[in-house]
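Contents: one structure, followed by commentary.
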Amino acid sequence: MDVRVRYAPSPTGLQHIGGIRTALFNYFFAKANGGKFILRVEDTDRERYSDESLEDLYSTLEWLGIKWDEGPVVGGPYGPYIQSERFDLYKEYAEKLVEEGKAYYCFCTPERLEEVRKAQVESKSEYQGYDRHCANLSDSEIKAYLAQGIKPVIRFRVPTSGKTTFHDILMGDITRRNCDISPDPILLKSDGFPTYHLANVVDDYLMHITHIMRAQEWIPSGPLHVLLYEAFGWEVPQYCHLPMVMGKDGQKLSKRHGSTAVRDFRAKGYLPEAIINYVTLVGWSLDGSTEFFSKEDLEKCFTMEGIHKAPAVFDYKKLDWFNGQYIRQCDNKRLASLVAPYLQEAGYLSTPLTEQDEELLETLVPPVKERMKVLSDVVPLTSFLFEDKPVEDKNVYIAKGSDEAQTAEALVTGSEILLSGLKNGEAESAIEEKLVALSQNLGIKVNGVFQPIRVAITNSTVSLPLFDSIRLLGLDETEKRLERAVKLFKEN
Ligand code: GLU
Ligand code: ZN
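Heads up: the sequence shown begins at 418 in the numbering used here, then just goes up one per residue.
See below:
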């Protein structure tokens, strides 16, 4: 069988981590099976549609390097791939079902439907939903309504007895009594627009989709879709509903847990390869132990069998870890071009970069690379080079386990050791040893010496390694800042 799968987002919001995971699973499944990955835009909901969402969809997939074989922009044999450009076609299919008695015109006004709903609520009726008022209108009744200019909706005639089963590769058989399926859902609205169910089923059929991998929240639609396939006389594709993506607390991943829009991750400085690697591992594994996968690896080794049944937890810390790993693997040239925009945005480098900026970037990248989790970390890590905001709170200099007097002493003697050592060209390791010895003499921890020195030089407790910082800052400026800190402790 030639595998054909699709990612079918509705452009009603920014691409979410969970949505992108669905896209990745479909994409990798297609690639690993020599099949086709199709992008289809389900924009039947015109009220919630936004151009921004559509642009975000394209730019997110492009950033991740996910290319679709068929879809908007690139076209394909079953296009157009944007549902709003296919509206006439859905009407045709809905009418076909009407002709065969499998669907019918409904002329009920919104007011009438509201009354029905109210009455059901008041009487605590077991039966909820449309009362099938128009299910058996005669031809002459229909003609009369149409003659009055009333535009009908088309409703699907859901069988009132029996059961419908659909098979899910992951979840097994899922069976529902037909009487529990929402009675006679609308397929085509009175303005001729299709609803999600009709457009989705018709398109999956016309686009020859073989496997439907989508979020588990669509399981309840499964039986209805199967009934639609049967009504049309079409073969039902294979279903594989994906495990939910949750936050650590077991709730569906949402803004409460942190960023969920891929665009926000991108802005903070996550690399596409880290997102691809980690997000694919949310609910999938190859062998339970391999952690690193490039996009190319996954294009070969992704299997549906590796998808987990249980809900998957999205762990922000784990993503940070992956991102750090990928940053360290990055070559320095690429990393320089990736961090430059953050430094430009902060006003530290000019746009376009000057030759001097380029040189600075080159020296700055190797040490920074070791400390970054996300690209935007470059700003706090290097701000001491571009602006000098001395720390005036002594407590920031004082490490755990030292007091003020010991810290003052560590600063005074430590500065001397450091500066004379550097001026005399001593090895860094030798200077370091002396500083460690100083901490022993003072009866404090090693950090009791290093922390105040680091804060003095970099104006921060989180910074680059000491000697890298000094190299970047220059000896004169280093000396100036150390003296300033010594003065701060001597003042009172
Ligand atoms: N347009 C639906 C969504 O936004 C697609 C559901 C499906 O894949 O069938 O999730
Ligand atoms: Zn009706």
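For every residue, glycine included, the Cβ atom is placed at its ideal position computed from N, Cα and C. Keep in mind the model is a prediction, meaning the values are calculated, not measured.
Are any of the Cβ atoms in chain D nearer than 8 angstroms to that of residue i?
i           : result
residue 560 : The chain inventory of the structure shown lacks chain D, comprising one protein chain alone.
Using the C-alpha atoms, what's the distance from residue j back to residue i?
i           : j           : result
residue 699 : residue 481 : 17 angstroms
residue 470 : residue 828 : 55 angstroms
residue 866 : residue 853 : 8 angstroms
residue 818 : residue 850 : 20 angstroms
residue 485 : residue 500 : 17 angstroms
residue 603 : residue 570 : 7 angstroms
residue 476 : residue 683 : 11 angstroms
residue 750 : residue 483 : 24 angstroms
residue 736 : residue 627 : 32 angstroms
residue 789 : residue 668 : 30 angstroms
residue 675 : residue 727 : 22 angstroms
residue 708 : residue 717 : 15 angstroms
residue 629 : residue 671 : 24 angstroms
residue 881 : residue 710 : 29 angstroms
residue 507 : residue 722 : 34 angstroms
residue 837 : residue 845 : 12 angstroms
residue 724 : residue 799 : 42 angstroms
residue 644 : residue 673 : 37 angstroms
residue 904 : residue 713 : 57 angstroms
residue 524 : residue 534 : 16 angstroms
residue 696 : residue 463 : 30 angstroms
residue 489 : residue 457 : 7 angstroms
residue 743 : residue 797 : 20 angstroms
residue 890 : residue 633 : 54 angstroms
residue 772 : residue 795 : 19 angstroms
residue 778 : residue 747 : 15 angstroms
residue 631 : residue 657 : 7 angstroms
Looking at the structure shown, is residue i part of a helix, part of a strand, or coil, going by DSSP?
i           : result
residue 705 : coil
residue 541 : coil
residue 655 : strand
residue 572 : strand
residue 526 : coil
residue 556 : helix
residue 591 : strand
residue 881 : coil
residue 456 : strand
residue 424 : strand
residue 790 : coil
residue 436 : helix
residue 567 : coil
residue 829 : helix
residue 811 : helix
residue 696 : helix
residue 844 : coil
residue 685 : helix
residue 661 : coil
residue 806 : coil
Tell me which residue opens and which closes the alpha helix (DSSP H) that residue i is part of.
i           : result
residue 816 : From DSSP, residue 816 is part of no alpha helix (DSSP H); its letter is neither H nor E.
residue 631 : Per DSSP, residue 631 belongs to no alpha helix (DSSP H); it is in the beta strand (DSSP E), 628 to 632.
residue 865 : 863 to 875
residue 893 : 892 to 908
residue 910 : One cannot answer for residue 910 here, as it falls past the ends of the chain, which runs 418 to 909.
residue 677 : Run containing residue 677: none; DSSP gives neither H nor E here.
residue 799 : 795 to 803
Would you give the residue range spanned by the beta strand (DSSP E) that residue i belongs to?
i           : result
residue 718 : From DSSP, residue 718 is part of no beta strand (DSSP E) but of the alpha helix (DSSP H) over 712 to 718.
residue 585 : 580 to 585
If contacts are defined as beta-carbon pairs under 8 angstroms, then residue i and residue j qualify, I think. What distance do you get, rounded to the angstrom?
i           : j           : result
residue 601 : residue 572 : 4 angstroms
residue 792 : residue 756 : 5 angstroms
residue 434 : residue 662 : 6 angstroms
residue 899 : residue 874 : 7 angstroms
residue 599 : residue 518 : Not a contact, Cβ separation roughly 20 angstroms.
residue 581 : residue 640 : 4 angstroms
residue 642 : residue 625 : Contact flag wrong, Cβ pair sits at about 16 angstroms.
residue 719 : residue 825 : Between residue 825 and residue 719 the Cβ distance is about 60 angstroms, and since that is not below 8 angstroms, they are no contact.
residue 787 : residue 745 : 7 angstroms
residue 808 : residue 872 : 5 angstroms
In chain order, each alpha helix (DSSP H) run of at least 4 residues that lies wholly inside the region 596 to 650
Residue ranges of uninterrupted alpha helix (DSSP H) with 4 or more members, entirely inside the region 596 to 650 and ordered along the chain, are 613 to 623, 639 to 649.
Extract the residue ranges of the alpha helix (DSSP H) inside the region 742 to 781, only unbroken runs of 4 or more that lie entirely within it. Within the region 742 to 781, complete alpha helix (DSSP H) segments of at least 4 residues are found at 749 to 762, given in chain order.
Runs of alpha helix (DSSP H) wholly within the region 475 to 521 (minimum 4 residues, chain order)
Given a length threshold of 4 residues, each whole run of the alpha helix (DSSP H) inside the region 475 to 521 is given here in chain order: 504 to 516.
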